[in-house]
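Following: one structure in structure tokens, then a few remarks.
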Amino acid sequence: MDAPGLGGLNWAVIIIYLLATLGIGVWFTRKASAGTDSFFKANGRIPAWAAGFSIYATTLSAITYMSTPEQAFLTDWSYAAGNIAIFAIVPLLVLFYIPFFRKLDVTTAYEYLEERFGPTIRVLGSLLFVLFHIGRVAIVV
Numbered sequence: 063m064d065a066p067g068l069g070g071l072n073w074a075v076i077i078i079y080l081l082a083t084l085g086i087g088v089w090f091t092r093k094a095s096a097g098t099d100s101f102f103k104a105n106g107r108i109p110a111w112a113a114g115f116s117i118y119a120t121t122l123s124a125i126t127y128m129s130t131p132e133q134a135f136l137t138d139w140s141y142a143a144g145n146i147a148i149f150a151i152v153p154l155l156v157l158f159y160i161p162f163f164r165k166l167d168v169t170t171a172y173e174y175l176e177e178r179f180g181p182t183i184r185v186l187g188s189l190l191f192v193l194f195h196i197g198r199v200a201i202v203v
């Protein structure tokens, strides 16, 4: 029986992958224009439908694909309803939410909270977001 560990081919694939990832990063860094507006919002050139799909993809994880069908099979479809409802929510985001924030010329919802309610509410919103996702990651991972 072979000793556990990675062989030469495994290490070669890992190194090639990391170098390719680094190369892609360097390539796009040189092509990118300076400024946070360009980085975060692509200077407003992303179509609303593409931003909507991006928001949808952000909500997915590997556990979504495994747990939702399993839970629906074991119990009923009520658990799956939340994941299916996203298909109704994304068009609303595309039609109303994204254009609203584009008109305000803010980068994040937290920037909007600060402009509207002050820095305390922005920090509170950020803190609640972080706490929620710490709990979420504890479940997903």
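All the letters of the sequence shown, read from the start, carry residue numbers 63 to 203 under the numbering used here. Cβ atoms here follow ideal geometry from the backbone N, Cα and C, with glycine treated the same way.
Bounding residues of the alpha helix (DSSP H) (the contiguous stretch that carries residue i)
i: P131; result: 124–136
i: G114; result: 110–120
i: R107; result: Counting along the chain, R107 falls outside any alpha helix (DSSP H), and DSSP gives it neither H nor E.
i: L175; result: 171–179
Residue of the options minimising C-alpha distance to residue i
i: S116; options: M128, I125, K103; result: K103
i: A113; options: L155, N72, A150, I77; result: L155
i: G187; options: G197, T170, L80; result: T170
i: T126; options: A142, T182, L189, W73; result: A142
Supposed close pair residue i, residue j - CB separation, criterion 8 angstroms
i: V168; j: Y118; result: V168 to Y118, Cβ: 21 angstroms. No contact.
i: E176; j: R184; result: 4 angstroms
i: Y159; j: L166; result: Not confirmed; about 11 angstroms, so no contact.
i: A110; j: P161; result: 7 angstroms
DSSP three-state assignment for residue i, whether helix, strand or coil
i: W139; result: coil
i: L71; result: helix
i: P66; result: coil
i: V156; result: helix
i: G97; result: coil
Counting Cβ pairs closer than 8 angstroms, one from the region 118–130 and one from the region 139–151, do we hit at least three? yes
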